[in-house]
Structure formats: C-alpha cells, structure tokens
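Report on the following structure.
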Amino acid sequence: MPGGRTGLVAPNGAGKTTLLRLIAGELTPSAGSITIDGTLGYLPQDLPLTAEPTVAEVLGIAPELAALAAVESGDTDERHFTTIGTDWDIEERTRAQLDRLGLGELPLDRRLRTLSGGQIVSLGLAAQLLRRPDVLLLDEPTNNLDLEARHRLYDVLTDWNGCLLLVSHDRALLDRTDRIAELHDGEIRYYGGNFTDYEQAVQAEQAVAEKNIRTAEQEVKREKRELQQARERAARRASNAQRNLGNAGLPKIFAGTMKRNAQQSAGRANETHGARLDAARNRLDEAGRALRDEQRIVLNLPDTEVPAGRTLFAAEHIRFRFGDRELFAGQGADLIVRGPERIALTGPNGAGKSTLLRIVHGDLTPDSGTVTRADGRIAYLSQRLDLLDADRTVAENLAATAPHLLAAQRMNLLARFLFRGSRAHLPVGVLSGGERLRATLACVLFAEPAPHLLLLDEPTNNLDLVSVGQLVGALESYQGAIMVVSHDERFLAEVRVSRRLRLEDGRLSDDAGIPAEPPAPK
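Residues in the sequence shown are numbered consecutively from 67, following my numbering.
As structure tokens, then:
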C-alpha cells in the first residue's frame, strides 16, 4: 500500500475489519505474509466503554506524568529520568493534541467509564497521534461523533503526514483521502482520488459494462441465428444431394463417398459456428461479471401522503428532566411539524435529540407543557432498530404489522425490499444492520395505518454504503413528514431535508436562531 491517506471500502461482511486486524497483527494469515515498514498504530471500531483506566493511562503517558511529578517534588531517582527521556513537554503536547480533538478540558485522571462514546473515540485517536506511528489504521473513526467532533477529526487527519488506512462509511471523511482501496470479490483494487472520484470511476466502469453486455447479447443472438442458418443450409444441401444422387444413378460407393463428404462439410460448419457461439457466450458472461448488482428499493406509497397545511405535531413550552438535568432551558421547547416537511435535527452528543424524538413519538411524557398529535400514526426507528421481534422471521413480522395484506402481497412487498425467496423467512435476529433496517422499513411503511410522520434516529449508523443508498431509495417514495437525527450531511442532502433544527444548551432553534416553527402554509 502506498503512503498517504487510503480509504478502504466494501459492503458489510466483506472483511474490512478482518483485514485491518491482520495488518495490526491481531490475526495471523493462513497464507501469504504482511510486512510493515516502521511502527504501527491501530484504533479498532469496538472500544471499551466501561473500563477503569484513566485518560492518562489510555494515552499511554501515565508513567511519564508520574515521573515528572516525582522529579518536581525533589525525587532525583535515576529511574524517573529514564522514564521521562526527552518527553519533558509530554503534558503540553498531550493537551495540545486533546485540544485539537475537542478534549482540551478533560482531566487526565478521569476514568474512561465516565466518558461518552464520542469522547472515547476521540481519546483513542489522540492516543495514537501521540505515539506518532508510521502507519495508522482506523476502523470507523467517526462512529459516535457529533458533527463538530467529526470536523475536528477531518482537520487532524488532513494534516496527517504518515501512511493512513481507514475503514469508514462516512463519505465526507472518505472525500478527504488520496485514494480508495475497494475490497470486491476477495480482491483489492485501487482508485486514485477521493470517494467522489471513486464513485465516478465506478459509474463509468458500469456504463462500459452495460454497453459491453448489450454488444455481447447482440453477438450471441447473431451467432445463434447464423448457426441455425448454417444447419438449415446443410440440411437443404444434404436433401438436394440425396435427391440428385438418386436421379444420377451413380454406383453406391461413389454415392456413399459424396454423402460422407457432405456430412463432414456440414459438421465442420456446425463446429465453426458452435465455437463462435460459445465464444460469444463467454464474452457475455465476462461482461456480466463486470456489472455490479447494486440493488435499489423503489416503492409506491400513496397512503403516506400528507396535506401541506396539516399540523402533525405541536409542542409548546415542554420541559423534561433527565436525571438531575433539565433538558430544555428557559420556558421550555416549542416545536411544530406541519405538512410533508423533512426536518434534520442536529446538535452535539448528549444534547437530548433522541429524547426529543421519543417525546414526539409518545414514548416519553414531558414534565410540563402541552403536546398535540394529529390523527394518524407516528413511526419511530431508534438507533437500536429494536422495533421488530428478533425471534420471528421477516415475513412473520410483516404479517403482524400488516395483517390487511394477503400472504402473496406480503411476499411481493418483501421482494421489493430485497428479501426474496428464503431470505424472507430468516429470523430478524440474524440479519445484518442493513437488512434489519430494510425489514423494519417494510413493516413500518406498510403497516395499517400508514405513518404520516417518520422519526429516524441515526439511521445510517453502521450501514454500508450500498445500504445507505437503499435507505435513500425507500425514503424517496415516502410522502409523509420526516424528522431525522443524523450527523451524515451527505445523507441529509440526499433525502432532501427542507428544514433544519438544532438542539444545543437546552435551546431548540433553526439554523438562523429563531424558534423552531415551519413557514406558514400558503
């Protein structure tokens, strides 16, 4: 792998994390070898969330800090100087690195278990940067990061001068790489440029593949036609020759020789055309293998249509206490959802975005204030995607939520969500993240009654890029209102959000800082 920043992409389950673990030495290859030129750092996807180590211990600087404290107190033991080495400024360098990642105020003696998931990811990255490895491996580094933390990480990695290999579904991060390494069908292919360049290159490849398939199909048809015509000509010649031989009254030995020659000629022609047909079929197979199976979801959802002026949800001066913390400041939060608008709810981690979605859905009741919901269903897809019964199959879950559909209609519907044949009869508990999302969407969108307001909490978390595209395809057909919490700006653009709200420091407002109300209907 060349130096610079490389993004590794592939569908979930293709082996991206396994490849990183092989490079990091956590796994041993069954064949072949791996060579690292220099030191290596690795930030895995699954970081400990409840561990006891302190921030200093995670950063790997606890011994140096202890030695510095001992020397400053007057202890001149040689071991302390050996531990410190040349790192007399280790605390200052650490603070500078933490500050770049938004952790400048984090006490170095604070326990890991008291940090948020986003803080732990940023801390893990800071630990790797302090070690200054020659090769750095990152597995989904933006997971659990809010938008501000993501942009800080983008800036840090843009300045990275070593060799970087990262696995991510964050397209904004992948657009900051120098090349894309694609793991496809067990092989790695490199594409120069960032992720957008990679997408364009793949689209161009697919356009060529589709053209080659059309050409190969025409060749197969032509060779089939020519083979059939050759057989018909040979049959006519054989029939004519047989008739002519009978009329000519030639000796049997001459007649037999002429008949064998005609058969051999027909056989050679048949063999030639057959070989050409086989070659054309091989070219068609080769062209077909180059065409990717990028399945998309296309739906028709007329029952989800919402009139433009209809108020679906209204909250006035709502307050909610979460533990010892008041979630909404001042007089509380006001929120109106009207018509088929698409709302992006943003804000830092811990601001209360998921709690607000649960209040809108009705899972939680405000401590004060008024809430009004219009007639109609509000559907909520949490980050855990736990709406379905994990022990039931996909088809059984759909039957439970859409009993008004006939069995044949349900199977046809599931096929449109890419659950075909035996896939529709798999238990939900064994599905991948993308499959579980598709199953949940099928059950939510076609339930009786259909939802007029759809609440989505970080729907692209842990989805591969193909699954994100399938989600966008499903939402394109949805005609109701959407309120989505997401840090994925590209996804928000693709689902065409029409309004943005921000929840920060207990205040819910739009991006211009005015109360969170939509424009009055025309």
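The beta-carbon is built from N, C-alpha and C at its ideal position, and this holds for glycine as well. As the structure is a prediction and not an experimental result, all values here were calculated from the model.
In the displayed model, glutamate 265 falls within a helix according to three-state DSSP. Per DSSP, reduced to three states, the secondary structure at threonine 101 is coil, with no helix or strand assignment. For methionine 67, the three-state secondary structure derived from DSSP is coil. When C-alpha distances from threonine 101 are compared across Pro173, Leu109, Leu219, Met67, the shortest belongs to Met67. Closest option to serine 434, judged by alpha-carbon separation, among Gly70, Tyr446, Ala417, Gly396: Gly396.
In this structure, valine 460 lies away from arginine 424, with their beta-carbon atoms at least 9 Å apart. DSSP, reduced to helix, strand and coil, places phenylalanine 388 within a strand of the structure shown. CA-CA distance, valine 561 to proline 77, rounds to 21 Å.
Counting only runs of at least 4 residues, the segment 198-258 fully encloses the following alpha helix (DSSP H) elements, listed from N- to C-terminal order: 213-224, 237-240. DSSP places aspartate 576 in the strand class (E or B) of the three-state scheme. Given a length threshold of 3 residues, each whole run of the beta strand (DSSP E) inside the segment 486-559 is given here in chain order: 517-523, 547-551. Ranked by how close their Cα comes to the Cα of arginine 179, the residues Ala345, Thr120, Leu350, Leu232 have Thr120 in first place. Here the C-alpha atom of arginine 358 lies approximately 34 Å from the C-alpha atom of glycine 228. In this structure serine 543 is in contact with leucine 365, their Cβ atoms being roughly 4 Å apart against a cut-off of 8 Å. According to DSSP, residue pairing for alanine 410 in a beta bridge involves Val550, Arg566.
In terms of Cβ geometry, valine 532 and glycine 500 form a close pair [threshold 9 Å]. Here the segment 225-241 lies against the segment 203-212, with 3 or more beta-carbon pairs under 8 Å apart.
Residue environment analysis places asparagine 463 among the buried positions, since at least 16 neighbouring C-beta atoms fall within 10 angstroms of its C-beta. The three-state reading of DSSP puts phenylalanine 394 in coil, since its state is none of H, G, I, E or B. Residue pairing for valine 403: DSSP places it in a beta bridge opposite Phe379. Taking C-beta atoms under 8 Å as the contact rule, leucine 447 and threonine 370 fail to qualify, at a distance of about 15 Å. Around glutamate 570, the same chain offers Gly413, Pro414, Ala417 as residues with beta carbons nearer than 7 Å, after the five sequence neighbours per side are excluded.
When DSSP states are grouped into helix, strand and coil, glycine 354 belongs to the helix group.
For glycine 79, the CB contacts under 7 Å within the same chain, skipping 5 residues up- and downstream, are Ser498 in chain order.
A distance below 9 Å separates the beta carbons of glycine 73 and alanine 247. Residue Asp400 holds the alpha-carbon nearest to the alpha-carbon of leucine 422 among Gln111, Asp400, Arg404.
In the DSSP assignment, threonine 84 falls within the unbroken alpha helix (DSSP H) covering 82-90. Check the Cα spacing between alanine 466 and each of Pro515, Ser420, Leu503, Gly535: the tightest is with Pro515. Between isoleucine 279 and leucine 293, the alpha-carbon positions lie close to 21 Å from each other.
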